[in-house]
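K.L.:
Offset between the sequence shown (1-based) and the numbering used here: plus 6. Backbone N, C-alpha and C define an ideal beta-carbon position, used for all residues, glycine too. Right, I'll just put the structure down here and ask away after.
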Amino acid sequence: MTRLSPYDRAALVRFAHQSIRKGSKSFSAASRLFDRETRERVWLLYAWCRACDDIADDQDHGRGRARGVQAEQGVGQGGLDPESRLATIRTLTELAIAGEQTGSQAFDALGQLLCEVPIPQVMLEDVIAGFELDAREWRPRSEGDMLRYCYHVAGAVGVLMAAVMGVSCDESDPEAADTLDRACDLGLAFQLSNIVRDVWEDDANGRCYLPVEWLVEADIPPGEHTKPHYRARLVTIVARACALARGYEESSRAGAMRLPFRQRWAILAAANIYGGIGREVERLGAHAWDHRVSTSKLRKAEYLAAAWHEARGGVAPVLERPGLGRRDLMELARAD
7 MTRLSPYDRA ALVRFAHQSI RKGSKSFSAA SRLFDRETRE RVWLLYAWCR
57 ACDDIADDQD HGRGRARGVQ AEQGVGQGGL DPESRLATIR TLTELAIAGE
107 QTGSQAFDAL GQLLCEVPIP QVMLEDVIAG FELDAREWRP RSEGDMLRYC
157 YHVAGAVGVL MAAVMGVSCD ESDPEAADTL DRACDLGLAF QLSNIVRDVW
207 EDDANGRCYL PVEWLVEADI PPGEHTKPHY RARLVTIVAR ACALARGYEE
257 SSRAGAMRLP FRQRWAILAA ANIYGGIGRE VERLGAHAWD HRVSTSKLRK
307 AEYLAAAWHE ARGGVAPVLE RPGLGRRDLM ELARAD
């Protein structure tokens with residue numbers, strides 16, 4: 007059952023649209039393919055995710071140091087330690103869940119969304135747990151650790167997106183649960199592409215999301231993976247992550263084909279765009295980090311057209327899911 011909204015929905019939708027246009031050109035392009043209601047709900051969810059990420063990293067839409075720019079949203083956090091920023095995320099999210107105005111348009115956007123879509127609170131908590139890992143300066147030791155991180159910061163968001171698109175959150179329904187699994191797979195694929203693209207940027211910020219065990223196997227000392235003499239070994243490690251991403255991306259397509267046409271088209275377009283980033287990083291090899299890999303407008307148009315043809319093509323084959331899946335990663339998260 008949905009609840010009455012105390013928010014100005016039209017204003018929040020405008021704010022959320024501006025947020026996604028500024029924060030993710032790729033996702034903004036794919037979101038235009040949704041029907042209006044779904045599109046606006048996706049924007050509302052994005053605004054909350056984007057604000058949480060910016061507060062956690064003290065940034066502005068994923069770029070640079072925010073230095074308090076979030077003050078325009080009522081959530082300026084410049085200068086606070088990571089634990090305090092995490093506490094802000096939790097407090098404002100709890101207010102939004104309770105249906106109260108938060109003083110932040112991004113968190114009110116979540117409150118508005120919860121007035122329209124029955125999203126289990128645990129799904130939101132799984133996303134916040136990713137910011138907690140960063141606050142703890144947590145680093146993945148194993149492949150499973152890396153995938154668990156990808157689950158929190160992107161796979162769980164994919165599950166939320168599926169819920170926003172009307173997929174049932176009833177885990178006792180086998181098809182619904184499998185569709186949520188496939189939505190998570192797409193998020194995992196997205197984040198793996200982000201990791202391989204942002205190796206240099208993450209290193210500059212003192213972070214590395216490639217598993218320590220992979221680096222050890224390649225005989226790369228901790229913190230040395232961006233040194234020129236280790237570039238060839240790094241390329242091999244990145245190719246391994248790209249292979250994982252491709253497997254998850256292909257698995258996700260079976261879930262996308264269960265959605266209504268316009269939703270199916272949008273999700274397949276996003277898969278093509280983000281998957282293209284990982285494939286370009288792999289193609290460039292040792293030159294992948296000479297500049298930040300991005301997707302041109304022409305290439306995006308080609309990906310959208312390819313997604314349209316695939317979306318019209320009928321039911322995708324139900325592939326075996328690769329590696330660790332949503333429920334495996336949820337168990338790892340609960341155990342921690």
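Would you call L304 buried or exposed, if buried means 16 or more other Cβ atoms sit within 10 Å of its Cβ?
P.N.:
That one is exposed.
K.L.:
Hey, how far is the Cα of R188 from the Cα of G329?
P.N.:
Between R188 and G329, the C-alpha separation is close to 13 Å.
K.L.:
When the distance is taken between beta carbons, is L198 closer than 8 Å to G161?
P.N.:
Result no, Cβ atoms of G161 and L198 do not sit closer than 8 Å.
K.L.:
Please name the residue, chosen from S11, Q24, D87, V299, that lies closest to G105 on a Cα-to-Cα basis.
P.N.:
Ranking S11, Q24, D87, V299 by Cα distance to G105 puts S11 first.
K.L.:
Go through its chain and collect everything with a Cβ distance to V159's Cβ below 7 Å, but skip five positions before and after it.
P.N.:
Closer than 7 Å at the Cβ level, and outside the excluded window around V159, lie G136, Q197.
K.L.:
Alpha carbons only, please: which of R27, A183, G282, R268 is nearest the one belonging to A251?
P.N.:
Comparing Cα-Cα distances from A251 to each of R27, A183, G282, R268, the minimum goes to G282.
K.L.:
In whole angstroms, give me the CA-to-CA distance for D225 and A245.
P.N.:
Cα to Cα, D225 sits roughly 16 Å from A245.
K.L.:
Would you call the region 31-39 and the region 269-278 touching, i.e. three or more CB-CB distances under 8 Å?
P.N.:
Yes: the two stretches touch, three or more of their Cβ pairs being nearer than 8 Å.
K.L.:
Can you tell which of M167, C58, K28 has its C-alpha closest to the C-alpha of L344?
P.N.:
Any property of residue 344 remains undetermined from this structure, which presents the chain solely from 7 to 342.
K.L.:
Between the beta-carbon of P228 and the beta-carbon of V218, is there less than 8 Å?
P.N.:
Yes, these two residues count as a Cβ contact at 8 Å.
K.L.:
Can you tell which of G150, L310, D179 has the C-alpha that lies nearest to the C-alpha of D375?
P.N.:
Past the edges of the chain, shown from 7 to 342, lies residue 375, and the structure says nothing about it.
K.L.:
Measure the Cβ-Cβ separation of I279 and A247 and say whether it is below 8 Å.
P.N.:
Going by C-beta atoms, I279 is not nearer than 8 Å to A247.
K.L.:
Buried or exposed: Q107, going by 16 or more other Cβ atoms within 10 Å of its Cβ?
P.N.:
Exposed, since its Cβ has fewer than 16 Cβ neighbours within 10 Å.
K.L.:
Helix, strand or coil for M167, going by three-state DSSP, please let me know.
P.N.:
Helix at M167.
K.L.:
Can you tell me whether W314 is helix, strand or coil according to DSSP?
P.N.:
Note: W314 maps to helix in three-state DSSP.
K.L.:
Quick one: Cα of H297 to Cα of I103, how far?
P.N.:
Distance between the alpha carbons of H297 and I103: 40 Å.
K.L.:
If distances are taken between C-alpha atoms only, which option among Y52, A317, C58, Y309 comes closest to G164?
P.N.:
Comparing Cα positions, the closest option is Y52.
K.L.:
If you count every other CB in all the chains shown that lies within 10 Å of the CB of E288, and 16 or more means buried, which is it?
P.N.:
Flag for E288 reads buried.
K.L.:
Would you say E89 and A141 are within 8 Å of each other, going by their C-beta atoms?
P.N.:
Against a cut-off of 8 Å, the Cβ pair of A141 and E89 comes out as a contact.
K.L.:
Using a Cβ-Cβ cut-off of 8 Å (strictly less than) and excluding sequence neighbours within five positions of I125, which residues of its own chain qualify?
P.N.:
These residues qualify, in order along the chain: L119, L166, A169, V170, C175.
K.L.:
Quick one: give me the first and last residue of the alpha helix (DSSP H) that T97 is part of.
P.N.:
Taken as a continuous stretch (DSSP letters only), the alpha helix (DSSP H) holding T97 covers 88-103.
K.L.:
Using 8 Å as the threshold, is the C-beta distance between T99 and I134 below it?
P.N.:
A contact, by the Cβ cut-off of 8 Å.
K.L.:
Distance, Cα to Cα, R15 vs E46?
P.N.:
So the two alpha carbons sit approximately 10 Å from each other.
K.L.:
What are the boundary residues of the alpha helix (DSSP H) that L130 is part of?
P.N.:
Start and end: 127-141.
K.L.:
In this structure, how does DSSP classify V159 when only helix, strand and coil are distinguished?
P.N.:
DSSP places V159 in helix when its eight states are reduced to three.
K.L.:
Can you tell me the Cβ-Cβ gap for A1 and F21, rounded? I've got them flagged as a contact below 8 Å.
P.N.:
Past the boundaries of the shown model lies residue 1; the chain is included only from 7 to 342, so the question cannot be answered.
K.L.:
Might you give, ordered along the chain, the residues of its own chain that have their beta carbon closer than 7 Å to the beta carbon of A312, omitting 5 neighbours on each side?
P.N.:
Excluding residues within five positions, the ones whose Cβ falls inside 7 Å are N278.
K.L.:
Below 8 Å between beta carbons: does that hold for R332 and L130?
P.N.:
No. Outside cutoff.
K.L.:
Can you tell me where the alpha helix (DSSP H) holding N200 begins and where it ends?
P.N.:
Start and end: 180-203.
K.L.:
Smallest Cα separation from L221: which of G212, A210, Y236, A115?
P.N.:
Taking only the C-alpha atoms, the option nearest L221 is Y236.
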